[in-house]
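In full-length UniProt numbering, the protein residues as written are 1 to 188. Where a beta carbon is used, it is the ideal one built from N, C-alpha and C, also for glycine. Source: prediction; values computed, not measured.
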């Protein structure tokens, strides 16, 4: 019962922060009794918010027991229709990078996820035609966010991630004008 109360107060805190970006979330929280479908919709809203880099840590800290469930939901959504949704994949990668130090589930999930998923920096492998075919959401992840997440993965388990990906495309980023990207690559 205490956990339920903690979750409800945590949901209230999150709702206050995200009022403007997710009106559905507030609508569900205003109900006195949640149906099974309401609970699924709330989890869906939270999973979506977890991918917004502005809310990742807020949700990760307040709803730590739910982080794995939210990550799993996002992974399923990314691989829906038998194709990778690269926009959601990049958002999940950045969220995972942020969650590595606050959620004990983040690293094991990341290791399982990346066994079949492309690397964080997959967009560097795209040809111009492939890049044009990928549709990104209104707030596309910046390369600096992706490289920062990549560095966090390496710091968390260098031996695994070093062998998991082809790093050759990252070398070209040493010539970028973005200092944060350049330093991230130098630290690889």
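| Span separating the alpha-carbon of residue 175 from that of residue 182 | Those two C-alpha atoms are separated by around 7 Å.
| task | Following the continuous alpha helix (DSSP H) through residue 183, name the residue where it begins and the one where it ends. | result | Here the alpha helix (DSSP H) through residue 183 covers 179-187.
| request: Give me the Cα-Cα distance between residue 178 and residue 52, rounded to the nearest whole angstrom. | output: The straight-line gap from Cα to Cα measures roughly 22 Å.
| message | What does the alpha-carbon distance come out to for the pair residue 64 and residue 188? | response | When only Cα atoms are considered, residue 64 and residue 188 end up about 29 Å apart.
| query | Got a sec? Which residues, its chain only, sit under 6 Å from residue 145 by beta carbon, not counting five neighbours each side? | reply | Once the five neighbours on either side are set aside, the close Cβ partners of residue 145 are 94.
| query | Is residue 119 buried or exposed, if buried means 16 or more other CB atoms sit within 10 Å of its CB? | reply | Answer is buried; the Cβ neighbour count reaches 16.
| field | residue 66 to residue 60 span [Cα, whole Å] | value | Rounded to whole angstroms, residue 66 to residue 60 spans 8 Å at the Cα level.
| request: Put residue 5 into one of helix, strand or coil per three-state DSSP. | output: Any reading at residue 5 needs caution, since the residue's pLDDT is 44, under 50, leaving its predicted position unreliable; the model's value is listed next. Reduced to three states, the DSSP call for residue 5 is helix.
| Considering residue 36, what are the terminal residues of the alpha helix (DSSP H) in which it resides? | First-last of the alpha helix (DSSP H) with residue 36: 36-50.
| query | Quick check: the stretch 72-83 against the stretch 39-50, are there 3 or more CB pairs under 8 Å? | reply | By the Cβ rule, the stretch 72-83 counts as touching the stretch 39-50, because three or more pairs are nearer than 8 Å.
| request: For residue 103, count neighbouring C-beta atoms within 10 Å of its own C-beta (all shown protein chains included) and say buried if the count is 16 or more, exposed if not. | output: Residue 103 should be labelled buried.
| query | For residue 5, is the classification buried or exposed, using 16 other Cβ atoms within 10 angstroms of its Cβ as the cut-off for buried? | reply | With a pLDDT of 44 at residue 5, under the threshold of 50, the modelled position of that residue is not reliable, and the figure given next carries that caveat. So residue 5 counts as exposed.
| query | Are the beta-carbon atoms belonging to residue 150 and residue 98 less than 9 Å from one another? | reply | The Cβ-Cβ distance between residue 150 and residue 98 does not fall below 9 Å.
| Classification of residue 184 by the beta-carbon crowding that lies within 10 angstroms, buried from 16 upward | Residue 184 is classed as buried because its beta carbon has at least 16 other beta carbons within 10 Å across all chains shown.
| request: If I'm right that residue 192 touches residue 135 with Cβ under 8 Å, what's the distance once you round it to whole angstroms? | output: Only positions 1 to 188 of the chain appear in this structure, which leaves residue 192 out of reach.
| said: For residue 166 and residue 106, I'd like the C-alpha separation in whole angstroms. | reply: The straight-line gap from Cα to Cα measures roughly 22 Å.
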